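**Student:** Those sequence lines, one after another, are chains P and G. Counting from 1, position 329 in the first sequence corresponds to residue 329 in the numbering used here; the numbering is continuous, with no gaps. So the number in the numbering used here is just where the residue sits in the second sequence, counting from 1, plus 1000. We treat Cβ as the ideally placed atom computed from N, Cα and C, and that holds for glycine. Quantities reported herein were computed from a predicted structural model and do not represent experimental measurements.
Number of protein chains: 2
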Amino acid sequence: MAKELTSRSENYSQWYNELVVKADLAENSAVRGCMVIKPYGYSIWEKMQATLDKMFKETGHVNAYFPLFIPKSFFSKEASHVEGFAKECAVITHYRLKNNENGTGVVVDPEAKLEEELIIRPTSETIIWNTYRNWIQSYRDLPLLINQWANVVRWEMRTRLFLRTAEFLWQEGHTAHATKEEAIEETIKMINVYARFAEEYLGIPVIIGTKTESERFAGALDTYCIEALMQDGKALQSGTSHFLGQNFAKAFDVKFTNKEGKLDYVWATSWGVSTRLVGALIMAHSDDNGLVLPPRLAPIQVVIVPIYKNNEQLEKISEKALQIKKELEKIEITVKYDDRDTHKPGWKFAEYELKGVPVRIAIGPRDLENNSVEIARRDTLSKEIISSNNLGETIVKLLDDIQTNIYNKALIFRENNTFTVDTYDEFKEIINNKGGFVLAHWDGSAETELKIKEETKATIRCILLDGEKEEGTCIYSGKPSKQRVLFAKAY
Amino acid sequence: MAKELTSRSENYSQWYNELVVKADLAENSAVRGCMVIKPYGYSIWEKMQATLDKMFKETGHVNAYFPLFIPKSFFSKEASHVEGFAKECAVITHYRLKNNENGTGVVVDPEAKLEEELIIRPTSETIIWNTYRNWIQSYRDLPLLINQWANVVRWEMRTRLFLRTAEFLWQEGHTAHATKEEAIEETIKMINVYARFAEEYLGIPVIIGTKTESERFAGALDTYCIEALMQDGKALQSGTSHFLGQNFAKAFDVKFTNKEGKLDYVWATSWGVSTRLVGALIMAHSDDNGLVLPPRLAPIQVVIVPIYKNNEQLEKISEKALQIKKELEKIEITVKYDDRDTHKPGWKFAEYELKGVPVRIAIGPRDLENNSVEIARRDTLSKEIISSNNLGETIVKLLDDIQTNIYNKALIFRENNTFTVDTYDEFKEIINNKGGFVLAHWDGSAETELKIKEETKATIRCILLDGEKEEGTCIYSGKPSKQRVLFAKAY
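In structure tokens, the structure reads:
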């Protein structure tokens, strides 16, 4: 192997950190809490962006761009929002530097102090709803279905590449509606878009549900989420969609004339996913040899490696390899032919395993004679010699198989690690020793939720949207419960 | 007309400002100097991005993402760079707000002061070269051909939508090379990519040249640029590509072992275009009726408007319109069918003229009888009744014609407004009264350049890359000159 990884069983957290760096996905920057997304990592994000953007447009949304800066006073307008977001943030106080008087570098120019401080957006509800006020007069101006691809900053104290960084990339949808029903419908539509994206592209099965009051987005009446289970038994919140009611319309005085000619406040939603999804992708599927990428999001879907002893052999193999590359590219498969003479085949095999390339094709002199190639799957690590006739068809099918297999593997893992418990002892036993998703009855109170969190570090991930409405008694308080909710330790 | 525009001849500057707002491209935000890019304006930028991104990838570049924040000390490392960029900038001094003691809103928490201030990137050479230090050890790691799509902030005092805003969107390429020759080749390759994009997509002819020393990018040894002429006779710098020599490698200690086994500093380039190009697009082609968009970047290429008196007519027309829409979409043409019953056809005609939709198709009851449609071109405002057979072919050809015509019109305008002068009197006469590009001899000194700028407001836009090397005498000083250079007043 080119680069030795810590194994997952040895230290899952260290395995993750090493993998992100060794597979050239991202690294820490010189700025505390901010990451550099390297080209290989960024190309995964680009594929996610392209897919999501298409899904957003198919559901009627358009993109726009709002300022990076938010005037401080905007945060005070929505009471719960300020509590949630305006505290740990990057604050701009000045707009000029000047030469230091002793001639060494530059210092902040005290003359250039802003009258009102500007905050780097942690999320854009406030600046967007302040803008919507001028865009919406009548029900004819509604709905507004707008998305923004942007960077945001939340001053996190403990950061981890992709999972939690001070600056991160995301998309944030902000929609405005004439009725409550339509806004709720939009909120649910978008969490379903996220769920479909997670399952069909990331290959990660997710649970859709709503957050408890204490876990809701600051300013929302309801937060829908998708929750995924990672290989270490922890949950990762992978996307959220918020029904904001009329909170932001009231805070920013956004009224419209409805069909009946009456003035009313506008109804709002917002929804987002971020570069955190790259973290989810890594943690859900990868193994001790490196990344395992779902074919639909893999920057390189097929790599071809020549096996040769001399230049004459290489020449003949290259001819065949380039012919295969062309054939596959014609049917939209992304192929890399690695004919570098600076590295041996074994080194390359390990490298592309580390980088999670779904399919590897090796071609040696004997393959030329037999009209064959060796195919290796990254997900199962299995190898096979096959005829190189109709290779396009074979590879398309293989990539589909891998996509399905990765999903199924994650689904079986989740099923094997989802537990239904009826007592607090069982609950603690599983949370402390096994991890995983735990379905248990809860009395619906924030006090119980907090107690359980304090005692076990497990939180309510969500109240299942299509969970059975089986009644029972709370595992903690013994009070009545209307349905089981999903608990887990979480990222 | 739906919305009356000031005419260009009356007040060009006001015409531009009104057009940007009335055509729903962008508007000023609540944050000084920052704009909101509205969905219609953003969709033009998206088309530009998609095209440029493809061109960058075809020339071997990959995308990555670097932090928004740059530690203040980084700017002091490259002496001329700090002068050019670190002065007017957004400075982050704190990372937390707290509730005001009197209970009204939030204030900056003085406890949360950063040890070192962070600057919002005005451009990313410093943070990127600080990162490259760890990525480059040997000539085998070179070249690095990386691009970033990002927002940047320069604290401009006088801002104008798209042309000059405090925050703007752009791409910045940052490449690293083993040799000087290769870096210069890259610099020139990328200015040519920009020129091709401007001419083939924006439909704007550009002059390629190098900047004089005083107009160079802060930290560059040479700055290549493309310069376009706007309808008011002013130049607009539309893209730059910088040969940075070893300046940033030296500032950030980025060395590599070359093929001969010796340590050397890495050679650098950087290049960028921004949302300013949307401004160029508007100013180069639009007229007193509104936008004129080149078909290759138009968010809507064809709009279909039904002309009807009753629902029965509308139904039949809609059937035909949707059939045409489908036919055109099949060949990748973007079509909007506007069957809103809230606005009259005349209103819609004016609206799509304002928004610059290249082709309008109107269908009335008589067209159904005659198997015809009325086609209107936005660029010439001409109309024609044509058969609706083979409409796809007709429209493809028409869109090509419009793209070519827009370019040719801009080229003829530039040719008619490019003047060769030999005396300072002639020079001043043209700069003060006519505007346009002026080719004149210059002695090569910064003093003369500055004097001319002070006296006429005209600047040297560039030293033409493929200009004739005709010798002469400087129009200002009478000293010898090696070639004419390009002067103009500029945005």
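(1) Please report how far the alpha carbon of P:T448 lies from the alpha carbon of P:G472, in whole angstroms.
(2) Could you spell out the range, first to last residue, of the beta strand (DSSP E) harbouring P:E101?
(3) Report the start-end ranges of each alpha helix (DSSP H) in the region 324-384 of chain P that is 4 residues or longer and not cut off at the edges.
(4) Can you tell me whether G:T1423 is buried or exposed, with buried defined as 16 or more other CB within 10 angstroms of its CB?
(5) Rounded to a whole number of angstroms, what is the C-alpha to C-alpha distance between P:S13 and P:M283?
(6) Alpha carbons only, please: which of G:K1482, G:C1474 and G:K1457 is nearest the one belonging to G:E1468?
(7) Can you name the residues of chain G whose CB is closer than 8 Å to the CB of P:R96?
(8) So which residues of chain G does P:K38 contact, with C-beta pairs closer than 8 Å?
(9) Could I get the ranges of all uninterrupted alpha helix (DSSP H) runs contained in the region 403-467 of chain P, with 4 residues as the minimum, in chain order?
(10) Is G:E1117 close to chain P, meaning its C-beta is less than 7 Å from at least one C-beta of that chain?
(11) Looking at chain G, is there any beta carbon in it that lies within less than 7 Å of the beta carbon of P:C34?
(12) Can you tell which of G:I1402, G:Y1308, G:D1379 and G:N1405 has its C-alpha closest to the C-alpha of G:A1362?
(13) May I ask which residues mark the beginning and end of the beta strand (DSSP E) holding P:E227?
(14) Do you know how far the Cα of G:V1303 is from the Cα of G:L1322?
(15) Where G:K1489 and G:A1280 are concerned, what is the direct C-alpha to C-alpha distance, given to the nearest angstrom?
(16) From the beta carbon of P:P67, is the nearest beta carbon of chain G less than 7 Å away?
(17) Closer than 7 Å, CB to CB, is G:N1130 near chain P or not?
(18) Grab the span of the alpha helix (DSSP H) containing G:F1162 for me, first residue to last.
(19) Report the three-state DSSP secondary structure of G:G1392 (helix, strand or coil).
(20) Per DSSP, G:V1062 is paired with what?
(21) Please name the residue, chosen from P:W347, P:T165, P:W135 and P:E213, that lies closest to P:T175 on a Cα-to-Cα basis.
(22) Looking only at DSSP bridge pairs, what is P:G272 linked to?
(23) May I have the straight-line CA-CA distance separating G:N1416 from G:E1200, to the nearest angstrom?
(24) Taking the alpha carbon of G:T1257 as the reference point, which residue from G:N1147, G:E1329 and G:R1133 has its own alpha carbon closest?
(25) Where does the unbroken alpha helix (DSSP H) through P:K189 begin, and where does it stop?
(26) In chain order, what residues of the same chain lie with their CB nearer than 6 Å to the CB of G:I1184, ignoring the 5 residues before and after it?
(27) Would you kindly check if the distance between the Cβ of G:V1373 and the Cβ of G:D1367 is under 7 Å?
(28) Count the other CB atoms within 10 Å of the CB of G:Q1072; is the residue buried (16 or more) or exposed (fewer)?
(29) Against chain P, with Cβ distances strictly below 7 Å, would G:Y1042 count as a contact?
(30) Would G:K1038 be called buried (16 or more neighbouring beta carbons within 10 Å of its own) or exposed?
(31) Which residues in chain P sit within 8 Å of G:V1335, going by Cβ to Cβ distance?
(32) Going along chain G in order, which residues have a C-beta closer than 8 Å to the C-beta of P:E492?
(33) Which residue comes first and which comes last in the beta strand (DSSP E) that contains P:I127?
(34) Should G:P1480 go down as buried or exposed, given a rule of 16 or more other Cβ atoms within 10 Å for buried?
(35) Using three-state DSSP, classify P:N17 as helix, strand or coil.
(36) For G:V1031, does the three-state DSSP call read helix, strand or coil?
**Tutor:** In this structure, then:
(1) 15 Å
(2) Premise fails: P:E101 is in no beta strand (DSSP E) and is neither H nor E.
(3) Runs of the alpha helix (DSSP H) inside the region 324-384 of chain P: 345-354 and 365-370.
(4) exposed
(5) 10 Å
(6) G:K1482
(7) K1087, E1088, C1089, V1091 and W1155
(8) What P:K38 touches in chain G: A1064.
(9) 424-429 and 446-456
(10) It does; some Cβ of chain P falls within 7 Å.
(11) By this cut-off, P:C34 is an interface position.
(12) G:Y1308
(13) Looking at the DSSP string, the run of the beta strand (DSSP E) that includes P:E227 is D222 to L229.
(14) 11 Å
(15) 15 Å
(16) yes
(17) yes
(18) Careful: G:F1162 lies outside any alpha helix (DSSP H) and carries neither H nor E.
(19) helix
(20) G:I1146
(21) That would be P:W135, whose Cα lies nearest to the Cα of P:T175.
(22) P:E172 and P:T240
(23) 21 Å
(24) Nearest in C-alpha terms to G:T1257, of all of G:N1147, G:E1329 and G:R1133, is G:R1133.
(25) K180 to F197
(26) F1243
(27) yes
(28) Reading off the sequence, residue 1072 of chain G comes out as Lys, not Gln. Result: buried.
(29) yes
(30) buried
(31) Result: empty, since nearest Cβ-Cβ is about 15 Å, beyond 8 Å.
(32) As displayed, chain P neither begins before 1 nor continues past 491, which places residue 492 of chain P out of reach and without an answer.
(33) Run containing P:I127: none in the beta strand (DSSP E); it sits in the alpha helix (DSSP H), E125 to W135.
(34) It counts as exposed.
(35) P:N17: helix per DSSP, three-state reduction.
(36) coil
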